[in-house]
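This report refers to the structure that appears directly beneath it.
Numbering (mature numbering (1 follows the signal peptide of the UniProt record, and there is no 0)), first residue to last: -24 to -1, 1 to 502.
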């Protein structure tokens, strides 16, 4: 071998070694702990004595008062102070799913209590918001007036009007998603040994599902003010299937399973093959959830008829379309595969793209376990050109999910973590009213509606508080990130960005065999 060849081999081996070291460098336990801390920063209502994010204070203490109901509590969805019911419920569903699948890892990291608290903060609010069998308060606050101000939540002067859906003004998306969240959470708390609370949540979930199904209608036609923020583009049929599957998982009742399978074709479950999963479009999620039924059947925990297996296999086929699209393995080119940045990040839309990435990382993590349990390969069907299906296995799917998680944690061209507080470099000017303003704990001088724009929003300096655990919107399609408060498409974080990563980080801890490190003592003003 020539000297040139030797040098080339040595350089290649060094590059491989560096890449392997970089891939193994992430502390998923630390990422998990920080992810759960974020939900405490998003709390609305009267904060508990053990609140760890100390720069936050009580807020929204009169929510619902004008309407004669108690709507104190719940979560702010992002960097503003509206409580939007649909994304809040989706957040709780994904948190619960992650704990159901990977709760052992969460417990091993010493974070199970925090995970349960994060879920319960949402479900306690849903119990309050469900004031009658066919009545659900779907929103508190008005996005237009809220966005006109830049204030801490403790100083809010904007409208706190509450909006509801009921039999005369239906809202099947938000009612069914809340049913799914409460059903999934009931399974979590039953497993945790709190049978009473699990029963309470299940009771509400069953009533909400019946309401959503009996009084069908789009929620954004009943709650007009939500249209500019969380409109329903896919309609409510995916939420009905999603909720029915979650109720089956929580109860084991075959009537919920029959509902989902009998309506799978009419409601688009077997017809919609998609490349995205979000608070709006649930098809990929319900298709992966349905695929888990095959594992239950194989392990003889569930009996499926031949007709039921056929429908579940159709749902699974669409789940695989989604997985293959994310991995760029569907035949047919860009038309049948999700977009990518040059560095390999999934790229669906410029605005808050990481919501789609984190959701995909979670669904692919779950589906990799489905493939492993079934002992089957990933099947990416032939396209219109008749090409051969692309091959893959459970390890390939999990490796791709890991690559997306690692990108979020800093393995990217910007060398920055998009999980705030993780690593040395991360966004310091997150688009978030509370994090960008003086702590109410230390400075109780009132900040007026427009005053915050001058004092805090327009300031060039870093936020006074790190929004630890928040997954921001992320880079653009060229892997470039602008850490500027005004670049809200990139620097605003949402609860449903972080929620799926709890399960992903737990699974990756197990994959890498990482022993959880002791959690650091909380800072006085964390």
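Don't be surprised by glycine CBs; every beta carbon is placed ideally from N, CA and C.
| Item | Value |
| --- | --- |
| Beta-carbon contacts of residue 128 that lie in its chain and below 7 angstroms, excluding the five residues immediately before and after | 409, 410, 413, 416, 423 |
| Cβ-based neighbour list, residue 345, same chain, cut-off 6 angstroms, excluding 5 preceding and 5 following | none |
| Residues sharing a beta bridge with residue 111, DSSP | 108, 142 |
| Rounded separation between residue 20 and residue 29 - CA only | 13 angstroms |
| CB of residue 407 within 7 angstroms of CB of residue 119, strictly | no |
| For residue 391, three-class secondary structure by DSSP | coil |
| Own chain, CB closer than 8 angstroms to residue 205, minus 5 neighbours either side, in chain order | 58, 60, 119 |
| As assigned by DSSP and simplified to three states, the class of residue 21 | strand |
| Candidates 288, 100, 280, 277, of which the one nearest residue 245 by Cα | 288 |
| Cβ shell of residue 337 (< 6 angstroms), same chain only, five flanking positions each side left out | 377, 380, 381, 480 |
| Three-state secondary structure (DSSP) of residue 89 | helix |
| Test item: CB-CB of residue 69 and residue 171 under 7 angstroms | no |
| Nonlocal neighbours in the same chain, by C-beta distance under 6 angstroms from residue 218, ignoring five residues either side | 156, 258, 262 |
| Where residue 116 sits in the DSSP three-state scheme | strand |
| DSSP three-state assignment for residue 232, whether helix, strand or coil | helix |
| Residue nearest to residue 176 in terms of C-alpha spacing, selected from 215, 149, 104, 233 | 104 |
| Reduced DSSP secondary structure (H/G/I, E/B, other) of residue 193 | coil |
| Closer than 7 angstroms to chain C by CB, residue 75 | Within the model displayed, chain C is absent; a lone protein chain is all it includes. |
| Which listed residue (426, 327, 352, 212) has its alpha carbon closest to that of residue 458 | 327 |
| Beta-carbon contacts of residue 90 that lie in its chain and below 7 angstroms, excluding the five residues immediately before and after | 12 |
| Beta-carbon proximity check, residue 447 vs residue 469, cutoff 7 angstroms | yes |
| Contact check, residue 85 vs residue 8, beta carbons under 7 angstroms | yes |
| Reduced DSSP category for residue 35 - H, G, I as helix; E, B as strand; rest coil | strand |
| Residues near residue 483 in its chain [Cβ-Cβ closer than 6 angstroms; skip 5 each side] | 78, 341 |
| Bridge partner(s) assigned by DSSP for residue 354 | 368 |
| Candidates 343, 383, 309, of which the one nearest residue 329 by Cα | 383 |
| Top-ranked residue by Cα proximity to residue 3, from 421, 397, 464, 318 | 397 |
| Short Cβ contact (7 angstroms threshold) for residue 212 with residue 148 | yes |
| Exposed unless 16 or more other CB atoms sit within 10 angstroms - verdict on residue 460 | exposed |
| The stretch 427 to 444 contacting the stretch 132 to 145, beta-carbon criterion three pairs below 8 angstroms | no |
| Pairwise C-alpha distance: residue 375 and residue 487 | 10 angstroms |
| Three-state secondary structure assigned by DSSP to residue -4 | Residue confidence is low: residue -4 scores 41 on pLDDT, short of 50, so the model does not pin down where it sits. No coordinate-derived value is stated. |
| Span separating the alpha-carbon of residue 363 from that of residue 307 | Legend: pLDDT at residue 363 = 48, less than 50; position of this residue unreliable, no value from coordinates given. |
| Cβ-based burial, residue 485 [other Cβ within 10 Å; buried from 16] | buried |
| Limits of the unbroken alpha helix (DSSP H) element including residue 267 | 259 to 274 |
| Best match in 231, 224, 142 for proximity to residue 188 [C-alpha to C-alpha] | 142 |
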